[in-house]
Amino acid sequence: MSKRNARKISVFMIINVFFLCLFGVITLLPFMHVVSKAFSGEGPVIAGLVSFWPIDFQIDTVLHVLKKPEFLGSFKVSLFVTVVGTAIAMFFTVTAAYPLSKPKLKGRKIFLYIFVFIMLFHPGMVPNYLLFRSLRLTNTIWALVFSGAFSVFNMFVVKNYFESLPESIEEAAKIDGASNVYILVNVVLPMSLPVLATVTLFYGVAFWNNYMSGVLYITDASLKPLQQYLYDLINEALNTYDETGNIRDINAAMNLTGESVRAATIVVSTVPILMVYPFLQRYFVKGITIGSVKG
Numbered sequence: 001m002s003k004r005n006a007r008k009i010s011v012f013m014i015i016n017v018f019f020l021c022l023f024g025v026i027t028l029l030p031f032m033h034v035v036s037k038a039f040s041g042e043g044p045v046i047a048g049l050v051s052f053w054p055i056d057f058q059i060d061t062v063l064h065v066l067k068k069p070e071f072l073g074s075f076k077v078s079l080f081v082t083v084v085g086t087a088i089a090m091f092f093t094v095t096a097a098y099p100l101s102k103p104k105l106k107g108r109k110i111f112l113y114i115f116v117f118i119m120l121f122h123p124g125m126v127p128n129y130l131l132f133r134s135l136r137l138t139n140t141i142w143a144l145v146f147s148g149a150f151s152v153f154n155m156f157v158v159k160n161y162f163e164s165l166p167e168s169i170e171e172a173a174k175i176d177g178a179s180n181v182y183i184l185v186n187v188v189l190p191m192s193l194p195v196l197a198t199v200t201l202f203y204g205v206a207f208w209n210n211y212m213s214g215v216l217y218i219t220d221a222s223l224k225p226l227q228q229y230l231y232d233l234i235n236e237a238l239n240t241y242d243e244t245g246n247i248r249d250i251n252a253a254m255n256l257t258g259e260s261v262r263a264a265t266i267v268v269s270t271v272p273i274l275m276v277y278p279f280l281q282r283y284f285v286k287g288i289t290i291g292s293v294k295g
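Laid out in structure tokens, this is it:
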């Protein structure tokens, strides 16, 4: 390599790193602004003085969100739905993607056309509600689990990744007498950790942030997910006056604002799912790129 080409590559790397850092800062600043509002005093938030650093630092707003007994119950519901729902969704996704990744499967094209049709033409909320009501799943925690238990897009990502794996490995396992289930569990899945981690993250974030399923299927307050509870909490903070026009709670009205409570709810609901990213980040890029190339 000539010195001129090496110089061009070094200049490109410097520019590339600069713009990546710039984009990283741009995406981080809005979240810093929300966190600053959550931990700032009521006066600076109302006056619009808070930018990217808390002013009159306080934790009363976050404690207001966390200390209510309904929070712990909603948190447990969302945690259960996220963990169990993601496990069930991954089981359905893998068991559907693996046979569809085999060209020798009879009727493969028909099944693929059906899945594509389902992905492009979603039935909507009303048919889904009627289905869940006929199955007597409304007002149960399983309505939250099964409402997002399968994604056609995620299935295609996993299927395409399975197709990119070398067939010689599976053929060698079949020669040794391994069954299809054994090959899937002990051969294919260990080689597919990048795409499995990526799709698991997709499902986990979707379950954790799911709000509409709680609105459609849940009326019992003890079964409300965290997102629905936080929405009710924001409405409570915004409506500081009762039906007679009097202030509901003078202390809350003086120390809390709708804007600060909204920021605190975003922080509280975002931190748990952010804690999962460091464990799956190294698989994310490889899984989504390889899984989306073929098909």
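Letter by letter, the sequence shown follows residues 1 to 295 in UniProt numbering.
No residue lacks a Cβ here, since even glycine has one placed at the ideal position from N, Cα and C.
None of these values were measured; they are calculated from a predicted model.
Residues near residue i in its chain [Cβ-Cβ closer than 8 Å; skip 5 each side]
i	result
Val-205	Ile-273
Tyr-211	Pro-225, Gln-227, Gln-228, Tyr-231
Ser-10	none
Met-254	Annotation note: pLDDT 44 at Met-254 (below 50); position unreliable, coordinate value reported separately. Only Glu-42 meet the Cβ criterion.
Leu-189	Val-94, Leu-196
Selection from the options that minimises the alpha carbon distance to residue i
i	options	result
Leu-165	Met-125, Val-195, Phe-150	Val-195
Leu-112	Phe-121, Val-152, Leu-137, His-122	Val-152
Met-119	Arg-108, Pro-54, Lys-67, Met-155	Met-155
Thr-61	Thr-265, Tyr-277, Val-83	Thr-265
Tyr-203	Phe-75, Ile-26, Thr-93, Ala-172	Thr-93
Leu-201	Ala-172, Tyr-277, Ile-234	Tyr-277
Ser-222	Val-116, Ile-88, Gly-73	Gly-73
Arg-262	Ile-234, Pro-127, Phe-146, Ile-88	Ile-234
Spatial neighbours of residue i in its chain, beta-carbon cut-off 7 Å, leaving aside the 5 residues before and after
i	result
Leu-105	Pro-99
Beta-carbon spacing of residue i, residue j below 8 Å
i	j	result
Ser-40	Ser-213	no
Glu-170	Val-187	yes
Ser-36	Val-50	yes
Leu-20	Tyr-129	no
Gly-48	Phe-207	no
Val-268	Val-34	no
Ile-218	Ala-143	yes
Phe-146	Thr-138	no
Leu-66	Phe-52	no
6 Å Cβ shell around residue i - same chain, five flanking residues per side excluded
i	result
Asp-176	none
Leu-135	none
residue 297	Outside the displayed span of the chain (1 to 295) sits residue 297, for which this structure offers no information.
Cβ-heavy atom distance, residue i to the ligand MN, below 7 Å
i	result
Met-125	No copy of the ligand MN occurs in the structure displayed, which carries no ligand at all.
Would the region 98-106 and the region 153-173 be scored as touching if the rule is three or more Cβ pairs under 8 Å?
yes
Do three or more CB pairs link the region 61-79 to the region 220-233 at distances below 8 Å?
yes
Are there three or more Cβ pairs, one per stretch, closer than 8 Å when the region 30-45 is compared with the region 53-65?
yes
At what residue ranges does the region 16-100 contain a whole run of the alpha helix (DSSP H), taking only runs of 4 or more?
42-47, 60-66, 69-100
Which residue spans inside the region 107-182 form an unbroken alpha helix (DSSP H) run of at least 4?
108-120, 125-134, 141-146, 152-164, 167-175
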